[in-house]
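A short write-up of the structure that comes next.
There are 4 protein chains.
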Amino acid sequence: MSHTTKNKTRLLARVRRLKGQMEAIERSLENEAPCGEVLNLVASVRGAVNGLTVELIEDHIREHVSNPDSDDDADRAQGAAELIDVVRTYLK
Amino acid sequence: MSHTTKNKTRLLARVRRLKGQMEAIERSLENEAPCGEVLNLVASVRGAVNGLTVELIEDHIREHVSNPDSDDDADRAQGAAELIDVVRTYLK
Amino acid sequence: MSHTTKNKTRLLARVRRLKGQMEAIERSLENEAPCGEVLNLVASVRGAVNGLTVELIEDHIREHVSNPDSDDDADRAQGAAELIDVVRTYLK
Amino acid sequence: MSHTTKNKTRLLARVRRLKGQMEAIERSLENEAPCGEVLNLVASVRGAVNGLTVELIEDHIREHVSNPDSDDDADRAQGAAELIDVVRTYLK
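Spelled out as structure tokens, the structure:
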């Protein structure tokens with residue numbers, strides 16, 4: 000089972016929200032909204048894509064490399080926990 | 000007229016392509032694709048969002064601040080041309 | 000006069016601080032500090048480099064394109080002010 | 000032994016090169032170089048900091064979580080190899 004399966008519902012909700020945000024950008028362009036407004040919508044999408052990326056990478060670490068909450072090897076568990084923190088810091 | 004109006008067709012095409020890419024991510028999650036595949040799709044979206052951002056900012060500079068191709072003030076035209084290069088370098 | 004001249008003192012202080020942060024990373028590696036600690040120092044440098052970039056681009060806009068505080072053309076002044084906001088949002 | 004120890008020489012060389020790049024920025028500001036030139040130097044530093052980050056994270060994965068070249072658990076080895084690819088893609 001893929002990491003994308005286990006957290007499928009949550010990830011799908013994120014992606015559908017992102018699709019809704021893309022549609023809001025589409026409408027803002029069709030309605031000739033001020034460009035500052037369009038840029039703000041795009042900045043939100045950018046943040047949401049980063050958030051989705053972090054969640055996918057974190058799931059990948061937990062399910063395919065090491066889950067810090069259940070790995071019997073305490074050193075590896077700690078290394079994985081630190082890694083998840085680093086991914087959150089650098090990709091947000 | 001807003002900068003989003005003048006280049007409306009081109010920007011709308013970009014946004015609709017991005018919506019299609021979001022739908023591909025949605026399908027990959029529904030079909031439980033391997034996470035590496037999902038992450039590759041998300042990386043493409045990230046690049047496309049950056050490209051859209053650069054285009055919106057460049058349009059904003061040209062239409063609301065200074066268009067290097069038509070500004071009568073040669074110093075400002077050069078400053079604007081350099082600025083557009085910088086935006087492309089830093090946001091790509 | 001270049002934009003780097005006018006705000007020279009402030010920019011130099013930023014750059015020297017960054018050099019000090021690089022030296023702290025150098026020492027942490029020499030002293031074999033835990034990698035989490037090294038990565039935190041590098042994350043700070045990353046933030047500081049982004050801050051320096053934003054300041055340089057903002058100075059460039061104000062001195063070579065349009066200064067929103069003194070431009071007689073009100074539309075261009077507003078366009079430049081919005082542009083500075085956008086640069087801050089996207090590069091931070 | 001920390002991951003920063005094993006690859007200490009290579010990482011230190013990278014950090015010293017970065018310090019040299021910071022000194023070049025310092026000189027360019029002192030000499031009132033054109034701002035385009037300063038911004039190009041800063042863009043190089045930005046790239047070099049990203050490269051250092053990727054190397055530190057990759058070392059961390061190999062030494063504290065799973066080394067794809069030597070992990071006996073083939074699934075985890077593959078998960079770690081994919082993770083290293085993802086880190087390179089997203090942080091470069």
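Chains V, P, Z and A are the protein sequences, given in the same order.
The first sequence runs contiguously to residue 91 in numbering that gives the first Met the number 0.
The second sequence runs contiguously to residue 91 in numbering that gives the first Met the number 0.
The third sequence runs contiguously to residue 91 in numbering that gives the first Met the number 0.
The fourth sequence runs contiguously to residue 91 in numbering that gives the first Met the number 0.
We put the CB at the ideal spot given by N, CA and C, even for glycine.
A straight line joining the alpha-carbon of Lys18(P) with that of Glu31(V) spans about 19 Å. Shown in chain order are the members of the segment 17-29 of chain A whose Cβ falls below 8 Å from a Cβ of chain Z: Leu17, Lys18, Met21, Glu22, Ile24, Glu25, Ser27, Leu28 and Glu29. Put simply, the CB of Gly46(P) is far from chain Z, with every gap to its CB atoms at 8 Å or more.
Of the residues assessed, Ala73(A) falls on the exposed side of the cut-off, its CB having fewer than 16 other CB atoms within 10 angstroms. In the three-state scheme derived from DSSP, where H, G and I count as helix and E and B as strand, Asp74(V) is classed as helix. A buried status is given to Asp58(Z), since no fewer than 16 other beta-carbon atoms sit within 10 Å of its beta-carbon. In the DSSP assignment, Lys18(V) falls within the unbroken alpha helix (DSSP H) covering Lys7 to Glu29. For the pair Tyr89(P) and Leu90(Z), the CB atoms are nearer than the 8 Å cut-off.
For Arg15(A), the closest of Glu25(Z), His63(Z), Gly46(Z) and Ala79(Z) by C-alpha to C-alpha distance is Glu25(Z). A Cβ-Cβ separation of about 6 Å places Leu38(A) in contact with Val85(P) under the 8 Å criterion. Pairing Ser27(P) with Gly50(P), the inter-Cα distance amounts to about 23 Å. Residue environment analysis places Thr8(P) among the exposed positions, since fewer than 16 neighbouring C-beta atoms fall within 10 angstroms of its C-beta.
When Cβ-Cβ separations below 8 Å define contact, Leu10(Z) makes no contact with chain V.
Ranked by Cα distance from Arg61(Z), the first of Glu29(A), Cys34(A) and Gln20(A) is Cys34(A). For the C-beta of Leu38(Z), the chain V residues within less than 7 Å are, from N- to C-terminus, Val85. At least one C-beta of chain A is nearer than 8 Å to the C-beta of Glu81(P). Here DSSP, grouped into helix, strand and coil, assigns Ala47(V) to helix. In the structure shown, the three-state DSSP call for Asp68(P) is coil. What Arg75(P) touches in chain Z, judged by beta-carbon distance under 8 Å, is His63, Val64 and Ser65, going in chain order. In the displayed model, Ala79(P) falls within a helix according to three-state DSSP.
Contact between Gln20(Z) and Ala47(Z) holds, since their C-beta atoms are separated by about 6 Å, short of 8 Å. For Thr88(A), no chain Z residue has a Cβ inside 7 Å of its Cβ, as the nearest lies near 17 Å away.
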